[in-house]
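A.B. asks: My structure is below; once you've seen it, I'll send some questions.
Number of protein chains: 4
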Amino acid sequence: MAIRLFITGGTFDKTYDEISGRLLFKDTHVQEMLQLGRCRVPVEVRTLMMVDSLEMTDADRQLVLQNCRAANEERIVVTHGTDTMTDTARVLGEASLPKTIVLTGAMVPYAFGSSDGLFNLGSALSFVQALPHGVYVAMNGRCFAWDDVAKNRELGIFEPRR
Amino acid sequence: MAIRLFITGGTFDKTYDEISGRLLFKDTHVQEMLQLGRCRVPVEVRTLMMVDSLEMTDADRQLVLQNCRAANEERIVVTHGTDTMTDTARVLGEASLPKTIVLTGAMVPYAFGSSDGLFNLGSALSFVQALPHGVYVAMNGRCFAWDDVAKNRELGIFEPRR
Amino acid sequence: MAIRLFITGGTFDKTYDEISGRLLFKDTHVQEMLQLGRCRVPVEVRTLMMVDSLEMTDADRQLVLQNCRAANEERIVVTHGTDTMTDTARVLGEASLPKTIVLTGAMVPYAFGSSDGLFNLGSALSFVQALPHGVYVAMNGRCFAWDDVAKNRELGIFEPRR
Amino acid sequence: MAIRLFITGGTFDKTYDEISGRLLFKDTHVQEMLQLGRCRVPVEVRTLMMVDSLEMTDADRQLVLQNCRAANEERIVVTHGTDTMTDTARVLGEASLPKTIVLTGAMVPYAFGSSDGLFNLGSALSFVQALPHGVYVAMNGRCFAWDDVAKNRELGIFEPRR
Numbered sequence: 128m129a130i131r132l133f134i135t136g137g138t139f140d141k142t143y144d145e146i147s148g149r150l151l152f153k154d155t156h157v158q159e160m161l162q163l164g165r166c167r168v169p170v171e172v173r174t175l176m177m178v179d180s181l182e183m184t185d186a187d188r189q190l191v192l193q194n195c196r197a198a199n200e201e202r203i204v205v206t207h208g209t210d211t212m213t214d215t216a217r218v219l220g221e222a223s224l225p226k227t228i229v230l231t232g233a234m235v236p237y238a239f240g241s242s243d244g245l246f247n248l249g250s251a252l253s254f255v256q257a258l259p260h261g262v263y264v265a266m267n268g269r270c271f272a273w274d275d276v277a278k279n280r281e282l283g284i285f286e287p288r289r
Numbered sequence: 128m129a130i131r132l133f134i135t136g137g138t139f140d141k142t143y144d145e146i147s148g149r150l151l152f153k154d155t156h157v158q159e160m161l162q163l164g165r166c167r168v169p170v171e172v173r174t175l176m177m178v179d180s181l182e183m184t185d186a187d188r189q190l191v192l193q194n195c196r197a198a199n200e201e202r203i204v205v206t207h208g209t210d211t212m213t214d215t216a217r218v219l220g221e222a223s224l225p226k227t228i229v230l231t232g233a234m235v236p237y238a239f240g241s242s243d244g245l246f247n248l249g250s251a252l253s254f255v256q257a258l259p260h261g262v263y264v265a266m267n268g269r270c271f272a273w274d275d276v277a278k279n280r281e282l283g284i285f286e287p288r289r
Numbered sequence: 128m129a130i131r132l133f134i135t136g137g138t139f140d141k142t143y144d145e146i147s148g149r150l151l152f153k154d155t156h157v158q159e160m161l162q163l164g165r166c167r168v169p170v171e172v173r174t175l176m177m178v179d180s181l182e183m184t185d186a187d188r189q190l191v192l193q194n195c196r197a198a199n200e201e202r203i204v205v206t207h208g209t210d211t212m213t214d215t216a217r218v219l220g221e222a223s224l225p226k227t228i229v230l231t232g233a234m235v236p237y238a239f240g241s242s243d244g245l246f247n248l249g250s251a252l253s254f255v256q257a258l259p260h261g262v263y264v265a266m267n268g269r270c271f272a273w274d275d276v277a278k279n280r281e282l283g284i285f286e287p288r289r
Numbered sequence: 128m129a130i131r132l133f134i135t136g137g138t139f140d141k142t143y144d145e146i147s148g149r150l151l152f153k154d155t156h157v158q159e160m161l162q163l164g165r166c167r168v169p170v171e172v173r174t175l176m177m178v179d180s181l182e183m184t185d186a187d188r189q190l191v192l193q194n195c196r197a198a199n200e201e202r203i204v205v206t207h208g209t210d211t212m213t214d215t216a217r218v219l220g221e222a223s224l225p226k227t228i229v230l231t232g233a234m235v236p237y238a239f240g241s242s243d244g245l246f247n248l249g250s251a252l253s254f255v256q257a258l259p260h261g262v263y264v265a266m267n268g269r270c271f272a273w274d275d276v277a278k279n280r281e282l283g284i285f286e287p288r289r
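So the sequences go chain by chain: A, B, C and D. Here the numbering used here is used: the first residue of the first sequence is 128, the next is one more, and so on. Here the numbering used here is used: the first residue of the second sequence is 128, the next is one more, and so on. Here the numbering used here is used: the first residue of the third sequence is 128, the next is one more, and so on. Here the numbering used here is used: the first residue of the fourth sequence is 128, the next is one more, and so on.
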């Protein structure tokens, strides 16, 4: 059961730049994380963009959608910044593709020792194998349908919409 | 959807002892791992034993079974050493409890920087929420039914039985 | 041989804030680092400030100097942001205190897995014990006298002045 | 000021073997540690052996001595298991070479997240630059002359002899 993994950036992949002292995007850490998890499911990784999700445009979201539609795989994981993850989930969800798509990310960059990234990646790759077609957000052990999830920015957690 | 998590020890929880220079069991790392993963699913953790799975007896396996049967939760994760994980899965599987039970573990102790433990824990907690009743082994991104899995000890991986 | 350790902040102690997605100062990591290094030299730690060294004022530097002067210990380590570490070293150096003072820091926050902080802390605590009175900058295995060191901001390294 | 670094193995360099579930020697981690510390002092690394120090023979110690004598560098760090570090220090010390030699190691393997190795390496590379000719043991922030040090095996610390 091959899985397609699309990378869009987000906290997940931010790196500390020693020269500027700032958090930047360089290469993705996803391959390294799959190795650390000793992942034995075939995962085809492709980087679509490397952006902070606050800067993701409508065109960017359409690009993600296009790639999900065009992918040969029926099961797709998308790594994404948390701030607008639910917006992209909505764009994908409304397209009603005959696929299982799981968006995930991290509250803390993987490059930090204290990151939830590896936990979330293991989670997303599992939900995507087990769930029926649909679009989901998998964060911190929970999985939400795309039309019933919101990020609580004060608490930094995802929760059902009210 | 509350999840019960039973700890039995295994590589997952081995710790380096500075005085003896050996790998021992002290406290479990599972609570720390749930915190690192910022796990937002309610998980009730209980340590049943702390053993190397090569030393797990039939009585130990019956104890695991008893606890799975007695648990209020319908969804149960069991952390377990990899060497005899499939044996315990068989004992649980043959009991045909009306529950979803996922066994998981790690190839490398969590206390090592290079552990797959956090990835596997995220994975097991996700499969247990998404799969129908039954007993499963979740390791390194894959999930196997209890009656179709074996550990390949030469390669150190789990695979379907032949 | 008791050592006094003054904390001023800097990259060393920056932490990722999950809510804002930014690098901030919270508590210092120095105690945790001393524990990790299983440091057996008595070290008295005191936080003087928690600032980015680009924002350190003349008054701040005078405060550091005052504290170095007033300390009972003859051997003092100061953790400091790298950008103006040499400026503070100059203020301390020109005061010609009868003490050995070593400034150190990190190119990457300790909270990142890839930090040089622990290496530098081990180094600074060693140079401060072994060197004669004077003010020094210890970074990345090298030790410079306060009046012969500059930070090369393009390369992100410390080097002798030319 | 070039430094020679001889590797002999010890806890420092032990690695967890996923297949056997045991601590073994594979490659040294020293190069990786020097990179992590962003070490800017020229260090010439050479692996002499990869052994548990409890298994180090007299011939092994003579080999270390020979290499210290033959090295072009006047400043030498030797990584070593902690159990017999003071024995090797004695062999080197009694040879009275016109060099500064510092032995160091770790209480916990570097491959563990909780290792003191990086701290000790930073420390040893600093003491070796700052101290006069002689043979020393540098562990956990302290530095001992070869003829005034013993390992307290119950506490797992080094201390002056009584």
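Ideal Cβ positions, reconstructed from N, Cα and C, are used throughout, including at glycine.
#1: Name, in chain order, the residues that DSSP records as bridge partners for residue 149 (chain A).
#2: Please report the Cβ distance between residue 167 (chain B) and residue 268 (chain A), rounded to the nearest whole angstrom; I am assuming they are in contact, meaning their Cβ atoms lie under 8 Å.
#3: Determine, using beta carbons only, whether residue 164 (chain B) and residue 258 (chain B) come nearer to each other than 8 Å.
#4: Is the Cβ-Cβ distance between residue 183 (chain B) and residue 209 (chain B) less than 8 Å?
#5: Report, in whole angstroms, the separation of the C-beta atoms of residue 207 (chain B) and residue 230 (chain B), which I expect to be a contact under 8 Å.
#6: At 9 Å on the CB atoms, spell out the chain A contacts of residue 150 (chain C), in chain order.
#7: By Cβ distance, which residues of its chain are closer than 7 Å to residue 271 (chain B), with the 5 residues on each side in sequence left out?
#8: Tell me which residues share the same chain as residue 224 (chain B) and place their Cβ nearer than 7 Å to its Cβ, disregarding the 5 neighbours each side in the sequence.
#9: Could one say the Cβ of residue 249 (chain A) lies closer than 8 Å to chain B's Cβ atoms, at least one of them?
#10: Taking only beta carbons into account, state which residues of the region 191–223 of chain D come closer than 9 Å to chain C, listed in chain order.
#11: From the beta carbon of residue 234 (chain D), is the nearest beta carbon of chain C less than 8 Å away?
#12: Looking at the structure shown, is residue 171 (chain A) part of a helix, part of a strand, or coil, going by DSSP?
#13: Give a yes or no on contact between the region 236–250 of chain C and the region 132–141 of chain D, applying the rule of three or more CB pairs nearer than 8 Å.
#14: Report the three-state DSSP secondary structure of residue 264 (chain D) (helix, strand or coil).
#15: Shortest alpha-carbon distance to residue 177 (chain A) belongs to which of A:135, A:279, A:228, A:214?
#16: When you compare each of B:161, B:144, B:218, B:133 to residue 174 (chain B) by their alpha carbons, which one comes out closest?
#17: So, is the C-beta of residue 267 (chain B) closer than 8 Å to a C-beta in chain A?
#18: In chain order, which beta strand (DSSP E) runs of at least 3 residues are fully inside the region 148–232 of chain B?
#19: Tell me the rounded alpha-carbon separation between residue 279 (chain A) and residue 185 (chain B).
#20: Quick check: what's the CA-CA separation for residue 170 (chain A) versus residue 157 (chain A)?
#21: Check whether the Cβ atoms of residue 247 (chain C) and residue 232 (chain D) sit closer than 8 Å, and answer yes or no.
#22: Less than 8 Å between the C-beta atoms of residue 273 (chain D) and residue 217 (chain D), yes or no?
#23: Pick helix, strand or coil for residue 251 (chain A), following the three-state DSSP scheme.
#24: Anything in the region 150–165 of chain D with a Cβ closer than 8 Å to a Cβ of chain B? List those residues in chain order, please.
#25: Please state the DSSP three-state secondary structure of residue 282 (chain D).
#26: From D:172, D:214, D:236, D:228, pick the residue whose C-alpha is nearest to that of residue 152 (chain D); which is it?
#27: Could you spell out the range, first to last residue, of the beta strand (DSSP E) harbouring residue 271 (chain B)?
#28: To the nearest whole angstrom, what separates the beta carbons of residue 254 (chain A) and residue 238 (chain C), a pair I think is in contact under 8 Å?
#29: Compare the beta carbon distance of residue 221 (chain A) and residue 131 (chain A) with 8 Å and say whether it is the shorter of the two.
#30: Give me the Cα-Cα distance between residue 159 (chain A) and residue 172 (chain A), rounded to the nearest whole angstrom.
#31: Report all residues from its chain with a CB closer than 6 Å to the CB of residue 189 (chain A); omit the five preceding and five following residues, and keep chain order.
#32: Would you tell me roughly how many angstroms separate the C-alpha atoms of residue 192 (chain C) and residue 205 (chain A), rounded to the nearest one?
#33: Among D:281, D:289, D:145, D:277, whose alpha-carbon lies nearest the alpha-carbon of residue 212 (chain D)?
#34: Assuming residue 150 (chain B) and residue 150 (chain D) form a contact by the criterion Cβ under 8 Å, report the distance between their Cβ atoms to the nearest whole angstrom.
C.D. replies: Result, derived from the coordinates:
#1: A:144
#2: 6 Å
#3: no
#4: no
#5: 5 Å
#6: 143, 148, 149, 150
#7: 263, 264, 285, 287
#8: 195, 196
#9: yes
#10: none
#11: yes
#12: strand
#13: no
#14: strand
#15: A:135
#16: B:133
#17: yes
#18: 149–152, 170–178, 202–206, 227–231
#19: 47 Å
#20: 11 Å
#21: no
#22: yes
#23: helix
#24: 150
#25: coil
#26: D:236
#27: 269–272
#28: Not really, about 29 Å apart at Cβ, beyond 8 Å.
#29: no
#30: 12 Å
#31: none
#32: 52 Å
#33: D:277
#34: 7 Å
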